[in-house]
Ligand SMILES: Nc1ncnc2c1ncn2[C@@H]1O[C@H](COP(=O)(O)OP(=O)(O)OP(=O)(O)O)[C@@H](O)[C@H]1O
Ligand SMILES: [Mg+2]
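Protein chains in written order, with my numbering: chain A, 12 to 324; chain B, 617 to 894.
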């Protein structure tokens, strides 16, 4: 109030307001930032385009229903079949095993860290978990093949394949535990402490508070963590390539070797297929399917996280 | 004197006692001191809470009112690094003694918080019954409990047609009355209220004050408030907390509310209740 009065009486005419000097430094920085954003948008666009074009060519030779519903995947045979179902079931079986491991352990770890652990334990364990998430997947893959299959699993099932879905799935489950634990823990710690107080004040124990109050309140965040973990499992390549083998196999027996969408892409992509051949283009068709599946899962997960945020703001 | 005569005499005496201020003590704090880590935040608090009375706890921000009220149902001990000395007597026995289960205490001593905290994943009805579910209490006629407690909390008419709506859809004032109903459903004997109206509009505030007066016919209520008029309107007795700079909080003065506000003995109390406090 008073400053306006002083300002107008001193300055006299309003035209004396000075124009701000152009700030070149700011413009340069803004330009760099716009470029950085542009590069990542363009790259994404480029990737989508470079998958899409060969895929369209592929589907002009192989009918899309044959691709989606065909049960034979033999691209390297003389008269190859391009039914993607065996790759999809391979992916589903291995991902399924991974989920069965990762969800209970990941959620259990999250509940422990957020509801039971002392602040000091939480402060040391959580970063350690996140380090676990940073171990190169090739290491996990060799561990699955060399140790889990050949030392442990053969003792239980002597006729298990050397390359099998079970070891790949189990180790992949271990790999995504930290993702699920860490994100679920974030969701649970974000539940206002007033909610817990309310529950304790009604005479409930820590376990009941976690089960009936905190987990339901954090549910969409927890489900988002699951979905993200699952989409990591679906997209995981190295473990399955090393430990599950490269045999397209329409089977639900986890003791057998299987090929997944990702391990087909990795194997075929590193082989010597001639550019422009139908086998070569099949890589992109599988890639497109994989892209659509993970994109779909991530969209669900982001939507859930957003919904969760809205509840507590 | 025969036993019969003696009995009549003592019961007469009992009636006289309850008519006077020195009614039966339901709860009492005995020399309560509290620490967070190494920092002492409360020192030597002694307060009696007579049965079916309303006691207001007043004092400037940060003097330890919330901390104190949370010692009365053992919520205090859930904070990492929190420590406590002294006794809290409930019906004469210390709630902190080793053989006491905090869960049992919290069922007898309910609490309503400053921020309404209904469980967002539950319906209105689910929230009211949540205490029974969480504590594993078996009670029949849930419908009656829902109606009775929502009526006591002054919310029944507003929600009776949408008991299965999400609790998060209610307004702040309605949510606060909902959590009061939730606290009442487990039939506590004491109700702790930490600034229950601080987030509410005047109309909701008056509704809750009405509720408090109604409830005080059946239970003991302890309420923290920053609103002097509210303390006058709802409480029978008042305790004034104060913490000097870098000193733990303590009770400067306590007594009948009319005395504390009308004729305080301590200059600091006089300044505070008249709004002359920094
Ligand atoms: N969890 C905690 N950890 C450490 N210190 C705390 C904690 N809770 C409260 N304190 C400290 O204890 C003192 C008393 O806090 P308290 O919340 O009891 O005050 P209050 O009287 O309720 O204040 P207000 O009127 O603002 O609610 C404050 O100095 C505060 O910093
Ligand atoms: Mg407080």
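Beta carbons are placed, not taken as given, at the ideal position from N, Cα and C, and that holds for glycine.
Q | Residues sharing a beta bridge with residue 1(A), DSSP | A | In the structure displayed, chain A extends from 12 to 324; residue 1(A) sits before or after that span and is not available.
Q) Around the C-beta of residue 637(B), are 16 or more other C-beta atoms found within 10 angstroms, so that it is buried, or is it exposed? A) For residue 637(B), the predicted model reports a pLDDT of 46, less than 50, meaning its position is unreliable and no value from the coordinates is stated.
Q | Residues near residue 254(A) by beta carbon distance below 6 angstroms, same chain, minus five either side | A | So the qualifying residues of the chain are 152, 155, 156, 178 and 179.
Q | Beta carbon proximity, residue 206(A) to chain B, threshold 8 angstroms | A | Yes, because at least one Cβ of chain B sits closer than 8 angstroms to the Cβ of residue 206(A).
Q. Just to confirm, are residue 197(A) and residue 268(A) a CB contact at a threshold of 8 angstroms?
A. Not a contact, by the Cβ cut-off of 8 angstroms.
Q. How is residue 651(B) classed by DSSP in three states: helix, strand or coil?
A. Of the three classes helix, strand and coil, the one that applies to residue 651(B) here is strand, per DSSP.
Q) Mind checking if residue 315(A) is an interface residue toward chain B, Cβ cutoff 8 angstroms exclusive? A) Interface residue (Cβ-Cβ distance to chain B less than 8 angstroms): residue 315(A) is not classified as such.
Q.
If the criterion is Cβ atoms closer than 8 angstroms, does the pair residue 769(B) and residue 741(B) meet it?
A. Note that the C-beta distance between residue 769(B) and residue 741(B) is not below 8 angstroms.
Q: Rounded to whole angstroms, what's the CA-CA distance from residue 312(A) to residue 294(A)? Just pull it up for me.
A: Each residue's CA atom was taken as its position, placing residue 312(A) and residue 294(A) some 27 angstroms apart.
**Q.** Whole-angstrom distance between residue 273(A) and residue 246(A), CA atom to CA atom
**A.** Those two C-alpha atoms are separated by around 6 angstroms.
Q: Pull out every residue of the stretch 212-231 of chain A whose Cβ sits closer than 8 angstroms to any Cβ of chain B, in chain order.
A: Residues 212, 213, 214, 215, 216, 219, 220, 223, 224, 227, 228 and 230.
(Q) On a Cα-Cα basis, can you pick out the residue from 877(B), 867(B), 718(B) and 892(B) that is closest to residue 851(B)? (A) Comparing Cα-Cα distances from residue 851(B) to each of 877(B), 867(B), 718(B) and 892(B), the minimum goes to 877(B).
Q: Taking only beta-carbon positions, decide if residue 210(A) is within less than 8 angstroms of chain B.
A: Yes - at least one Cβ of chain B is within 8 angstroms of the one on residue 210(A).
Q: Verify the contact flag: residue 856(B), CB atom, against every heavy atom of ligand 1, threshold strictly below 7 angstroms.
A: Incorrect: residue 856(B) has no Cβ contact closer than 7 angstroms to ligand 1.
(Q) Measuring only the C-alpha atoms, how far is residue 141(A) from residue 765(B)? (A) Rounded to the nearest whole angstrom, the CA to CA distance from residue 141(A) to residue 765(B) is 47 angstroms.
Q | From 834(B), 656(B), 820(B) and 812(B), residue whose alpha carbon lies closest to that of residue 860(B) | A | Of 834(B), 656(B), 820(B) and 812(B), the residue nearest in Cα terms is 656(B).
Q) Do residue 736(B) and residue 781(B) have their C-beta atoms within less than 8 angstroms of each other? A) Against a cut-off of 8 angstroms, the Cβ pair of residue 781(B) and residue 736(B) comes out as no contact.
Q. Along the chain, which unbroken stretches of the beta strand (DSSP E) at least 3 residues long are found entirely within the stretch 165-226 of chain A?
A. The qualifying runs do not exist here; there are none.
Q) In chain order, what residues of the same chain lie with their CB nearer than 6 angstroms to the CB of residue 863(B), ignoring the 5 residues before and after it? A) If the five residues before and after residue 863(B) are omitted, its C-beta is found closer than 6 angstroms to no C-beta atom of its own chain.
Q: Assign residue 842(B) to one of three DSSP states: helix, strand, or coil.
A: Here residue 842(B) sits in coil by DSSP.
**Q.** Own chain, CB closer than 8 angstroms to residue 698(B), minus 5 neighbours either side, in chain order
**A.** 650, 651, 652 and 692, listed in sequence order.
Q: Using the DSSP secondary-structure output, state which residues sit across from residue 742(B) in a beta bridge.
A: The beta-bridge partner set that DSSP reports for residue 742(B) is empty.
**Q.** chain B contacts from the stretch 123-145 of chain A (Cβ-Cβ distance under 7 angstroms)
**A.** Along the stretch 123-145 of chain A, going in chain order, the ones with a CB nearer than 7 angstroms to a CB of chain B are 129 and 130.
**Q.** Alpha carbon of residue 106(A) to alpha carbon of residue 248(A), nearest angstrom
**A.** For residue 106(A) and residue 248(A), the distance between alpha carbons rounds to 12 angstroms.
Q. Excluding five sequence neighbours on each side, which residues of the same chain lie with their C-beta closer than 8 angstroms to the C-beta of residue 823(B)?
A. For residue 823(B), where only same-chain residues beyond five positions count, the Cβ hits under 8 angstroms are 770, 789 and 793.
(Q) Does the structure place the stretch 191-206 of chain A close enough to the stretch 724-739 of chain B that three or more beta carbon pairs sit under 8 angstroms? (A) Pairwise C-beta distances place the stretch 724-739 of chain B in contact with the stretch 191-206 of chain A, as three or more of them are shorter than 8 angstroms.
Q) At least one CB of chain A closer than 8 angstroms to the CB of residue 754(B): is that the case? A) Residue 754(B) does not count as touching chain A.
Q: Identify which residue in 683(B), 642(B), 646(B) and 661(B) has its Cα closest to the Cα of residue 811(B).
A: It is 683(B) whose Cα lies nearest to the Cα of residue 811(B).
(Q) Strictly below 8 angstroms CB to CB, what residues from chain A border residue 689(B)? (A) Within chain A, the residues near residue 689(B) are 212.
Q) Quick one: which chain A residues come within Cβ less than 9 angstroms of residue 722(B)? A) For residue 722(B), the chain A residues whose Cβ falls inside 9 angstroms of its Cβ are 211, 212, 213, 214 and 215, in order along the chain.
Q) How long is the line joining the alpha carbons of residue 291(A) and residue 82(A), rounded to whole angstroms? A) Take the alpha-carbon of residue 291(A) and the one of residue 82(A): they are about 19 angstroms apart.
Q: Thinking residue 40(A) and residue 148(A) are a contact (beta carbons under 8 angstroms), I'd like their distance in whole angstroms, please.
A: So it is not a contact: roughly 37 angstroms between Cβ atoms.
Q. For residue 244(A), which residues from the same chain have a beta carbon less than 6 angstroms from its beta carbon, with the 5 sequence-adjacent residues on both sides left out?
A. Take residue 244(A), set aside five residues on each side of it, and the residues of its chain with a beta-carbon closer than 6 angstroms to its own are 106, 109, 183 and 187, in chain order.
Q: For residue 866(B), write down the residues that DSSP places opposite it in a beta bridge.
A: Paired residues: 858(B).
Q. Comparing the C-beta of residue 812(B) with each C-beta of chain A, is any distance below 8 angstroms?
A. By this cut-off, residue 812(B) is not an interface position.
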